[in-house]
Amino acid sequence: MALMDHNQAVQLQAAVKYVLGELSQTQRDEYEEHYFDCAECAVDIQALVTFADTAREVLRQEKASQFRKESAPARGRWLRWFQPVVAVPAFAALLLIIAYQNTVTIPQARNTSSRAVPEVYGQSFLLRPSDTRGGNETGVNGATLEVQPNEGFLLQIDFIPSSSFPAYLCQLQDASGRVLQQITVPAEKAKKELHLPIPAGLILRPGQYSLVFLGADPVTGKAVNDSKLQYFTFNVAFRR
288 MALMDHNQAV
298 QLQAAVKYVL
308 GELSQTQRDE
318 YEEHYFDCAE
328 CAVDIQALVT
338 FADTAREVLR
348 QEKASQFRKE
358 SAPARGRWLR
368 WFQPVVAVPA
378 FAALLLIIAY
388 QNTVTIPQAR
398 NTSSRAVPEV
408 YGQSFLLRPS
418 DTRGGNETGV
428 NGATLEVQPN
438 EGFLLQIDFI
448 PSSSFPAYLC
458 QLQDASGRVL
468 QQITVPAEKA
478 KKELHLPIPA
488 GLILRPGQYS
498 LVFLGADPVT
508 GKAVNDSKLQ
518 YFTFNVAFRR
């Protein structure tokens, strides 16, 4: 699978199309692999998701208000675009595109240099690997991440797998081992620093969580049994 670089992602407006669900499956897979270790795209996604959630709530209230009004006289065909059923999703998409252009495309055109991660993600946390030798996964690094409820954040790690595979799977697991998120990591990302975005709402309760890296089968793309290559354990605490 060809990797999408950052310039291609910006030209395609991949972030806004990703949030709107307008990317093909191939484009979606390529973009997910790209923003996995691109802090800039990860921040763009989170900003757009936050904006879209707010816009949906505002427009939902407006739509409910419109439907409570008495039906207007019959309109011409072109005026149907202003009816709530059509106007609300269309207007939401328009707002999202305008927001993306104002917050991502235009600023990047003005300044192509690297920029720091904005406050939209709240915080970025550096994790150190836990000890998995001999199947031991109790060597918790003791990291406690204090975040606001429903706040997105970034996990910064040095990905150094103990064995080589054509590709890897990174799983975010809760204390019971349930997989909350899984991302494919290309082989060329091994032995590099990765930035994993944890979207707002993905972690719903405080407690212990783990990042687990597994080898991916080159044919099926599924995790290879007994291929736990790197393991990060951390605790999440909510600030009130």
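Per our numbering, the very first residue in the sequence shown carries number 288; after that it's consecutive. The C-beta atom is built at its ideal place from N, Cα and C for all residues, glycine as well.
- Take the alpha-carbon of D316 and the one of P416: they are about 27 Å apart.
- For L459, the closest alpha carbon among the candidates V523, G308, Q333 is that of V523.
- In the displayed model, E319 falls within a helix according to three-state DSSP.
- The three-state reading of DSSP puts T520 in strand, counting E and B together.
- In the DSSP secondary-structure assignment, D461 is bridged to Y496.
- By the criterion of a C-beta distance shorter than 7 Å, C325 is surrounded in its chain by H293, once the five residues flanking it on both sides are discounted.
- With a cutoff of 8 Å on beta-carbon distance, A296 and H321 are scored as near each other.
- A326 sits in a helix when the DSSP states are folded into three classes.
- The DSSP-derived three-state label of I332 is helix.
- Under the DSSP assignment, Q295 falls in the alpha helix (DSSP H) whose first and last residues are 293-299.
- Residue pairing from DSSP leaves E475 without any beta-bridge partner.
- Fewer than three Cβ pairs drawn from the region 445-461 and the region 302-312 lie within less than 8 Å of each other, which leaves the two stretches out of contact.
- The straight-line gap separating the alpha-carbon atoms of N512 and A487 is approximately 31 Å.
- The Cβ-Cβ distance between L489 and Q443 does not fall below 8 Å.
- For the options P484, L491, Q435, I332, the alpha carbon positioned closest to that of R526 is the one of Q435.
- In the structure shown, T507 falls within a coil segment according to DSSP collapsed to helix, strand and coil.
- When the alpha-carbon of S411 is set against those of P453, S514, A329, the nearest one is in A329.
- Around the beta-carbon of G502, 16 or more other beta-carbon atoms lie within 10 Å, marking it buried.
- The alpha carbon of R492 has as its nearest neighbour, out of F338, L432, F500, the alpha carbon of L432.
- Here G439 is buried. Its C-beta has 16 or more other C-beta atoms within 10 Å.
- Boundaries of the beta strand (DSSP E) harbouring F412: 411-413, taken from the DSSP string.
- Membership of E433 in the beta strand (DSSP E) is indicated by the continuous run 431-434.
- Counting along the chain, I444 sits inside the beta strand (DSSP E) bounded by residues 440-446.
- By the 16-neighbour rule on beta-carbons within 10 angstroms, D331 is buried.
- Assigned with DSSP and collapsed to three states, L467 falls in strand.
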